Structures are given as structure tokens and as C-alpha cells.
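Here the structure is laid out as C-alpha cells; the discussion comes afterwards.
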Amino acid sequence: MTIKLLITYTLCMLSAMQLSAVEADSAVTVTSLKNEFRFNWNSKNNRVEIKQKLNSIYTSNAYQVNYTVSEFYNNNISIDDITCKVDGRTPRGFKPEYTYYGSDDIFYSDERVCYFPLELAKKGSTGSVTFEETLNDPRYFTNIYFADELPVQQGEVTIEIPRWMKLDIKEFNFNGFNIKKSTTYNSNSDADIITYIFSNIPAMKKEPHSPGPTYIYPHLLIMCKSATAGGKQITYFNTLADQYSWYRELVKDIAGDPSLLSAKTKELTAGLTNDIDKIKAIFYYVQDNIRYIAFEDGMAGFKPEKADEVLRKKYGDCKGMANLTKALLEAAGYDARLCWLGTKHLAYDYQTPSMAVDNHMICALNYKGKTYYLDATETYLGFNEYAERVQGRQVLMEDGDKYILGKIPYAPQGQNLSSETSKLHIIGASLAGKVSNVWKGEDKEGVLAGLNSIKHENIEDVTKRYLAAGSADYVISNLVLSSTSNPDKDLTAVYDVERKSGISAFGKEYYIDMDNRKEFSDAAIAIDNRKNDYWFSGKEHIITEVELTLPQNYKASSIPPDLNISKPGYEFRISYVSSLGKLTYKKTLLIKNTLLAKSNFAQWNQDIELLNKAYNENLVIKPVSQ
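Those letters in the sequence shown? Residues 2 to 627, by the numbering used here.
So this is what it looks like as C-alpha cells:
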């Protein structure tokens, strides 16, 4: 695995190129991986380069295996040579394909892939593949992973560092792996040679709701600081100030035509007198009208597109959207700044100056002594609300030639809410009545994103299908839905319902299922198959209350027991409250900590089992006379 920020971890194209009927990770093993990295002074181009020699030996575990080898590169990496030998011979007609890479709404201006089939006809056949590459800027030399998309039996990573090159290496996720490090000195090249030898590294697997690869797989974070070569002193990221200075150069003069931005700002704020209202109008305009499309220029792509171009095109990546937000706010007279940050997906922070620390850009607004962080890529999240992926993350905020190191606040527990209140009665073999729903925060964002993604359909029909969870037995009428385009207000739905499957009658006794939602009922984790910790996408606060009016001269003959589960990361509570002529079901589900560690999986599964047991308990009512 090379230093391309683990591009292959997320590229779905690889699976499409697997031609064998046998899964690749069972049909092929990397029996030997040997990656060499050497710093070199290129006197012709007057720069420091990293020469990379990446060799993998693939061994077939089956017959007639056709495995696709792929290598990603871009404007900062060139593939200088490729050799391929199968059982000691170059395959007939060996010809690698080179093409640009793009997938769905993700576009890279310079991302390319080189790929070719590796045909291993016999069980035990070996294919030796070597890529020789040149990385033209040490700033982009960020990570070296020991894992591959296939299991690695034996591996070796060697880094040759001339004494004129200064860098730090930080080791991540070595615990539990057989990795040995050694350092030698080469007097001929006046260089230190650092070697890591490792064995039995499992294949990279993308599990749903997994921490990012920087938390999981053994790897090195390379922090290139400076070089003294060719009679030059070159500073890369010796300190965070150096990193910010480089960033600062990338974001100079990117506002664009001030007259266009000023005119748009006046249009958006026309008739508004309150500052916060003006700020929201600008922020929500970018959220609602600029389509998010990931776009990278260079491996990390830190230079935003000009704000007037994003405004004209009506699309941009996080950098372009942040830059447009800033430019419009500045045109309105507010103090807005660009901010770099790494989302929760990354294990790093700014204690390690490196381009690997960042994968996102937002805008910050300083207003009346308070900083508000504005992420226009969160389309339906309101002003001063923060998504789980950025909460608590460090931000590098521009401040002229200096920088401010801040932190995005954690959202209060009540930011996210999904609440449902029902008042029901029995009609024949059905439960009927009125239901009220309220969604806040990221729960609201999720519902709105779903509803607005299918605007070509009737919004009422779509909402009914969503509320019914696809069940034909949950019949909705008289639906009143609040605005689906106002991030400032809670999303609400009020409607009449007939639940045709919520009640069973045996003679004059009724067995009633008070909960048709049963959230987390299928949330048990397959411990034997799960390799990584589980990350919930956000904190959850689910409240359900169902008030059932009992038929005249009926009473509750069997009320299910309460459920009270309280753990540091979550709570499940269910109770029943009896009153004159009524029975009320109350449920509260809380996810307080989005990380569920593997060590807690067994306890979680036990609690999910108890939750399901509570769900399966029916309320039983019968005539008072019985």
C-alpha cells in the first residue's frame, strides 16, 4: 500500500474489476510485499523527490484466478516503470491500461488509475508486480500502510533518509501486529535506513459503521519537515505555522469578482434588518443552491475554486462551498474565515503537521465575540448546529498571516431528536387515532435529505411511505407536514392513522402491540464476523409515547414489565402508565456515545435481546366483568 491517502480503501471500481468467480481475498494472497522509499535531490528540477519501488508477489490459492492489479497516481506521482512476471515470465500481450478515475458524484481533476489483469492459471502460481514511481513533493508523502486489499503474509517497508532530509515518523496501530523495526546507516549515501518487517497482516475490509482506516490499520504517518540540498534550504511543514503558511498561499485571491458577490449578497439580504437573519439567508442559500461535488486537484486538493465561479456553476466541493460562504458574508460586512479540519474519519490532529490531518474545509463566522462554524455541505442542518462528524474536531482558522487553532463544540444531547406521540383507540380489529412527529438536528437532516432527494414525486405520498415504513397496514390520512426547506424550524408531521396489524382479538380479550417502530430491534452485532469497533452515524434521542383509550368497561389484565437499561454509552427505557380509562406506553432510546467498542459488543447484544423481549410483550385488555 503506497502513500496515496488510502485511496484504494474506498474505490468501488476495484470490486467491479474482479473477474474471478472466487472472491479475491480467498483466491489470492500477497505472500511477499516489499516497498522501498528513497529521498532524492533532482538537480534538474531543483526539488526533492521520493523514489518509490513497490513490489508485491501474489500467490494463487485456486485455479484459473484472474485478479486485477491497480495503482493510483496523479499530478504529483508518476509511474515510471512497471514489471510483471507470472511464474517467472512476462505475460504475453502485457499492456497496462491508464485512465482517469471518477465515480458517481466524485470527480478528481487529476486522479488516474493504472490497471491490468494478473492471470494465475494454476494453484500456487505466483505473480510478481513492481511499480517504480516518483513523488515530486515531500508535502504529499504522508502515509505508508502495511496492509493491502489482500492478506499480506510477509512484508517489508524500507525508508532511506539522507542526513540532509529532516522528517518525523509516527507509528499508528502497531499493537497486536507482528512488526519489527530496525535502523542502519549507509555511509556511501550518508543516509539512515529505517526498515519495518511484518507478517500476517489481514486484508483491509470496509465494514459498515467502521472507524476510518487511520484508526484501524498499522501504518506510518510521515511528516516531512525540511531539507538542505542543492545549496538550498527548503522548509516543508517543520511546524504548524509552516503548514498554515503554505495553505495561506493557496487561498490568496480566490474571492473573484467583488461586484458579482456584492450584488448577490444584496439580493439575498434584501428586506432583512437583523444580522443573524442576514447571515442565515446567506448560509442557507449556499446550502440549498450549491450542489456538493467532491473535486480534487492534486492529491489533497487544498486550493478552493474562486467564489464567483462556484456561484456561477452552482456546484463545488467543500472548499468551494466554504469559500463562497466566506465571500458572501464578507461582502455583507461580516468577519468570515476559512477553516481547515479533519473530520472524525481521521485519527490525527494538528499536533502532527501534515496534509494528512485535513480532509474538509468549512467557514467560520466571528460575530459579537462568538465563533460560529458554517458547513454548507450539511444541507439541512440549521445555523449553530453541528454534525457528529465534526463535533470536537480541531480547526485551523485563517487569521491573516497567523492562524487560530480552535475546536468545533460538541452538540448538546437534545440537538438530535426523533419524537412520536400517538393518541389511539380501538376500532374493530384496528388501532386508530392521531399521531404527531417531531424531528430535530441530524434526525431532521436525515428525513429532509430523503424527502428532498425525490422532489419529482408527490411529497405527501413520499412522506406517507416513509412514516409507514413501507407497511400497507399503516394507513395515513389528513397529513399536515411542516416546511421541508427551513433548517431553522423543527420538522413536524401530524396525521390520522389506522394501524390494521396492531391488535389481535381472542374472544373478548385484546392483545395489543403498542409499538410499531421498534427501533434497534435488528441492531445486534454479528460478533464472529465483525472486525472493528462500531461507530453510530450520530447521537440518537428517540422518544415514543402512545396513549391508548380503553374501550368502555375494559381494563388492563396484563401489563408488560418496565425495561430500564442504562450504560455509559446508551440507554433503553420502556414503561407503561395506567390511568382512568387509559394506558400509556412510553419509550426513550438514547445513544450518548457514538463509539461502541468491540469489548462492549457482547453486552450490547444482551441489551438488544432484552429490548426485543420488551418489544414482543403485548398489552392484554379484557372486560372489567372478567
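Virtual Cβ for every residue (Gly too), placed ideally from N, Cα, C. For clarity, every value in this text was computed on a predicted model and none was experimentally measured.
Contact between the stretch 257 to 271 and the stretch 312 to 331 is present, with at least three C-beta pairs closer than 8 angstroms. The closest CA to that of residue 180, considering only 209, 189 and 153, is found on 153. Spanning the alpha carbons of residue 275 and residue 382 requires a straight line of approximately 21 angstroms.
For residue 494, the beta-bridge partners assigned by DSSP are 438 and 482. In this structure, DSSP gives residue 606 a helical state, which the three-state scheme calls helix.
Within the same chain, and ignoring the five residues on either side of residue 435 in sequence, the residues whose Cβ sits closer than 6 angstroms to its Cβ are 424 and 497. Between residue 388 and residue 288, the gap from beta carbon to beta carbon reaches 8 angstroms or more.
When secondary structure is reduced to three states using DSSP, residue 68 falls in the strand class.
Remark: C-beta atoms of residue 620 and residue 561 approach each other more closely than 8 angstroms. Ranking 394, 375, 395 and 396 by CA distance to the CA of residue 386 puts 375 first. 55 is the residue among 244, 55, 346 and 229 whose C-alpha sits nearest the C-alpha of residue 147.
When secondary structure is reduced to three states using DSSP, residue 416 falls in the helix class. Comparing alpha-carbon positions, the option among 606, 607, 603 and 564 lying closest to residue 590 turns out to be 564. Using a 10 angstroms sphere on the CB of residue 94, the tally of other CB atoms stays under 16, which defines it as exposed. Within the DSSP secondary-structure output, residue 38 pairs in a beta bridge with 53 and 160.
By the Cβ criterion, the stretch 171 to 189 is in contact with the stretch 202 to 220, since at least three pairs of Cβ atoms, one from each stretch, lie closer than 8 angstroms. Judged by pairs of C-beta atoms under 8 angstroms, the stretch 508 to 519 does not touch the stretch 399 to 414, as fewer than three such pairs exist. As the crow flies, the alpha-carbon of residue 185 is around 11 angstroms from that of residue 160. Per DSSP, residue 323 lies in no beta strand (DSSP E) segment; the continuous alpha helix (DSSP H) that holds it begins and ends at 319 to 332. Collapsing the DSSP output to three states places residue 376 in coil. Every beta strand (DSSP E) of 3 residues or more that sits fully in the stretch 196 to 258 is shown, in chain order, as 220 to 230 and 233 to 236.
Within the same chain, and ignoring the five residues on either side of residue 502 in sequence, the residues whose Cβ sits closer than 7 angstroms to its Cβ are 474. In the three-state DSSP reduction, residue 447 falls in the helix class (H, G or I).
Note that the C-beta distance between residue 99 and residue 69 is not below 8 angstroms. Buried is the label assigned to residue 324, since at least 16 other Cβ atoms lie within 10 Å of its Cβ. Here residue 393 has 411 as same chain residues with Cβ atoms under 6 angstroms from its own Cβ, once five neighbours each way along the sequence are excluded. Between the alpha carbons of residue 250 and residue 493 lies a gap of roughly 46 angstroms.
Rounded to the nearest whole angstrom, the CA to CA distance from residue 421 to residue 427 is 19 angstroms. For residue 311, there is no enclosing beta strand (DSSP E); the enclosing alpha helix (DSSP H) covers residues 308 to 314.
Residue pairing from DSSP places residue 118 in a beta bridge opposite 69. With fewer than 16 neighbouring CB atoms inside 10 Å of its own CB, residue 91 falls in the exposed class.
Three or more pairs of CB atoms, one per stretch, sit closer than 8 angstroms, so the stretch 225 to 233 contacts the stretch 35 to 54. If the five residues before and after residue 113 are omitted, its C-beta is found closer than 8 angstroms to the C-beta atoms of 73, 74, 75, 99, 100, 101 and 102, all from its own chain and listed in chain order.
Nearest in C-alpha terms to residue 144, of all of 460, 557, 204 and 223, is 223.
The C-alpha of residue 531 lies about 37 angstroms from the C-alpha of residue 79. DSSP places residue 627 outside both helix and strand once states are collapsed to three, so it counts as coil.
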